[in-house]
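K.L.:
First the structure, which I've put down as C-alpha cells, then a few questions once you've had a look.
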Amino acid sequence: MNKTALIAAGVVLAGALAVFVVLPAEMGYDPTGVGEQLGLTEIADPVGEELERGMARMAQQDVLVLSSADLPPAEGVADAWQIELGPFESVEFKYTMPEGAPMTFRWQASAPVAYDMHAHPFEGGEELTESYGVDTAQEMRGTYTPAFTGIHGWFWENRSMDTVTLTLAANGQMSTSTIFQGDSVGERPIEGATAAIEGKVAGHQMQSEAAAE
C-alpha cells in the first residue's frame, strides 16, 4: 500500500471513530445509534438513577469530600496500584469497605480519563448502586466515607488514541480489592489488611456494561 493510500485509510478510520465513538461519548450526538447500543451516550449525559441516588446521599452525608492538596492518611492500611490503559480501554477498580470507615485517596493519570466514582452495597446489590461523580479529569483526591458496606471505587476509560498510565494511592479500612476489565474479574489482596468483610454484590457488572443495558 502506497503512502497516499495509507493516509486516506487513516482519514477514513479517524472519521469512523469520530462518528461511532467520539461524538456519542463526548457530545451525546449519536447519528448511527451505535453509541446508544455501546452505552457511550450514557457517558456523555450521565444523569441517571445511580447519579441521582448518589447526589441525594451527598446532600445528607459527607460521603465524598474532594481536596486540592494531599491529606493526612486515614487510619488503616496503605495501598498503591497502577495500570496502563490503551486507546479506548477501560477498567473498574473496587475496594471492599465497611460502612463509615474513611478512606483518603488520590488517583492521577498521564492524560485526562473519563471516570465514574460509585459504590455497590452488599445489601440490595446492583439495583442500589450510587454514583458520586461522573466526569473527565486527570486526577482526583480527597476523603471518601462509605455510606454502606460493599464495594467502592472507580470506573476509568481512556478515550484517547494514546496509552495512559493511571496510578492510585489510598489509605483506610479496605479489606481487599477487585479489578473488572473486559470479561475478567480478579481479586487483588491488600498487603497488611487483616479484617475480612463478608458479602458480595448480586448481579454486579462492569459499570460500562450496566450503562449499555
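First residue of the sequence shown: 11, per the numbering used here; consecutive thereafter. Backbone N, C-alpha and C define an ideal beta-carbon position, used for all residues, glycine too. Predicted model, so just to flag it, every value in this text is computed and none were measured.
Which one of Asp145, Pro97 and Arg151 has the shortest CA to CA distance from Leu74?
P.N.:
Minimum Cα distance to Leu74 is reached at Arg151.
K.L.:
In the structure shown, what three-state DSSP assignment does Glu109 receive?
P.N.:
Three-state DSSP puts Glu109 in coil, outside helix and strand.
K.L.:
Gln70 by DSSP, collapsed to three states: which one?
P.N.:
In this structure, Gln70 counts as helix in the three-state DSSP scheme.
K.L.:
Are Gln118 and Gln148 close, meaning C-beta to C-beta below 8 angstroms?
P.N.:
The answer is yes: Cβ separation under 8 angstroms.
K.L.:
Measure how close the beta-carbons of Pro81 and Thr114 come, nearest whole angstrom, since I'm counting them as under 8 angstroms.
P.N.:
What sits at residue 81 in the sequence shown is Leu, not Pro. Right, their Cβ atoms sit about 5 angstroms apart.
K.L.:
Please classify Leu176 as buried or exposed, where buried requires at least 16 other C-beta atoms within 10 Å of its C-beta.
P.N.:
Classification for Leu176: buried.
K.L.:
Work out the CA separation of Glu99 and Ser194 for me, nearest whole Å.
P.N.:
Looking at the two C-alpha atoms, the distance is approximately 14 angstroms.
K.L.:
Consult DSSP for Met37 and reduce its assignment to one of helix, strand or coil.
P.N.:
Residue placement at Met37 cannot be trusted, given a pLDDT of 45 that sits under 50; the coordinates are not used to answer.
K.L.:
Quick check: the Cα distance between Pro156 and Phe165, rounded to an integer number of angstroms?
P.N.:
If you take the alpha carbons of Pro156 and Phe165, they lie about 17 angstroms apart.
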